[in-house]
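Mature numbering (1 follows the signal peptide of the UniProt record, and there is no 0) puts the sequence shown at residues -23 to -1, 1 to 108.
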Amino acid sequence: MIRFAQALSLCGAVALAAMPAVASDLVVREVLQEEPLTDAPDMTVRITRVTLKPGGVIERHAHAGDEHLVVLTGGKLRIGDGQEITLAEGTVMFHSAGDGHGPYTNLGTADIVVLTTHVVRVYEPFSWPVE
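Listed below in structure tokens is the structure:
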């Protein structure tokens, strides 16, 4: 049953690449690892590398579980309120389950790369667009 859940979750990860929140050749999501929690097989931990290429946009969205994020390669972003910020390498961020975040637009000339860790329920949508 857990293998089925993992396969189902992986299908969700593949489908996520086509979702509006990340749909673009300018946004690349690579699931590096996904494993069920030891004491909660209905929960999974997903570690993903997200590359936001110059001009790329991650639309406003939310996740069913908490998101922890570490900036691997920083750059200049326009965030949801229109403010322009510079993300430094090593910056750590957190988004609570259900909290909308984004949009994020890469304003620079180089890729911005982040490592995300999500803790989510296996049978819930990984993310969804929010207004």
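Glycine included, each C-beta is placed from N, C-alpha and C at the ideal position.
- In this structure Trp105 is in contact with Ala39, their Cβ atoms being roughly 6 Å apart against a cut-off of 8 Å.
- Between Gly67 and the set Ile56, Val48, Thr82, Pro80, the nearest pair of CA atoms involves Val48.
- Here DSSP, grouped into helix, strand and coil, assigns Tyr81 to strand.
- Shortest Cα-Cα distance from Ala65 to any of Gly32, Glu12, Asp88 involves Asp88.
- Residue pairing by DSSP places Val22 opposite Glu12, Val96 in a beta bridge.
- Asn83 sits away from Leu46, with the two beta carbons spaced by 8 Å or more.
- Counting only the Cα atoms, Thr86 lies some 14 Å from Arg55.
- Approximately 6 Å separates the beta-carbon atoms of Glu12 and Val22; this is inside 8 Å, confirming the contact.
- By alpha-carbon distance to Lys53, the top candidate from Glu36, Asp43, Asp76, Tyr81 is Tyr81.
- Taking 8 Å as the upper bound for CB-CB distance, Gly32 and Leu3 are in contact here, some 6 Å apart.
- Under the three-state reduction of DSSP output, Gly59 falls in the coil class, being neither helix nor strand.
- Rounded to the nearest whole angstrom, the C-alpha separation of Val107 and Ile35 is 12 Å.
- With respect to the 8 Å criterion, Val91 and Ala41 are not classified as neighbours on the basis of their beta carbons.
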